[in-house]
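Residue numbers (this note's numbering): 102 to 317.
In this text, a Cβ means the ideal position worked out from N, Cα and C, and glycines have one as well.
Quick caveat, the model's predicted, so the values are computed rather than measured.
Notes for the one structure printed next.
If you want it as structure tokens, here you go:
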């Protein structure tokens, strides 16, 4: 067993939800009177907590308009947008394979809200797959390492027994700040050369490559 604890980002790592996030944020921006956001700019902030994402997308935005943007994004994501979200092919089987190993623990560290993560856990039937989870609204947003620190304490695992897996520099830099090993995946939002700056122990180009390495 390479690691007792494997901690996964959600959007762009386990679930193909990027198009939904981009579509909803663009619609929310129009609703809030902020005009059209470029898709590339929205992709860049995926992984951050929503307040941090809004501040990055709209520098200097006032509190009232930021709250309207947040509320409209939540509306579109939950009710107004039907862009499909699915696990990347092979993810469910890969997680099941890891869960079958004695002593293996799995966790999620995400920029989603607790309400949003719990909703997708219910809708996908995946909540029982993980031993722990942290969201940006119940601790500090990535790239601060607080959510990883809390998961290590909760699950009784030392930092050198854990690995963080993600598709953004925010995931990798969060782990790097804590001295935790990290794995980059290239099917999400940030380009491989951007991910390489954080010196991952592996850059996985396919889902099978990721889970074969973790299982090895």
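With distances taken between CA atoms, residue 291 lies nearest to 271 out of 139, 271, 159 and 123. Boundaries of the beta strand (DSSP E) harbouring residue 284: 282-286, taken from the DSSP string.
Across the set 313, 185, 118 and 129, the C-alpha of 118 shows the shortest separation from the C-alpha of residue 212.
Inter-residue distance for residue 308 and residue 301 is about 16 Å (C-alpha atoms, whole angstroms). In this structure, DSSP gives residue 188 an extended state, which the three-state scheme calls strand. For residue 313, the secondary structure class from DSSP, reduced to helix, strand or coil, is helix. If only complete runs of 3 or more residues are kept, the region 226-306 shows the beta strand (DSSP E) at 233-236, 263-267, 282-286 and 303-305, in order along the chain.
Remark: C-beta atoms of residue 215 and residue 184 do not approach each other more closely than 8 Å. Counting along the chain, the unbroken alpha helix (DSSP H) around residue 157 starts and ends at 151-158. Non-local C-beta neighbours of residue 244 in its own chain, meaning closer than 6 Å and more than five positions away in sequence, comprise 271, 274 and 275, ordered along the chain. Proximity of the region 161-181 to the region 124-133 meets the contact definition, three or more beta-carbon pairs being nearer than 8 Å.
A residue is called buried when at least 16 other Cβ atoms come within 10 angstroms of its Cβ; residue 254 does not meet this threshold and is exposed. In the three-state reduction of the DSSP assignment, residue 196 falls in the helix class. Between residue 252 and residue 233, the gap from beta carbon to beta carbon is short of 8 Å. If you draw a straight line from the Cα of residue 124 to the Cα of residue 260, it comes to about 37 Å. DSSP places residue 106 in the strand class (E or B) of the three-state scheme.
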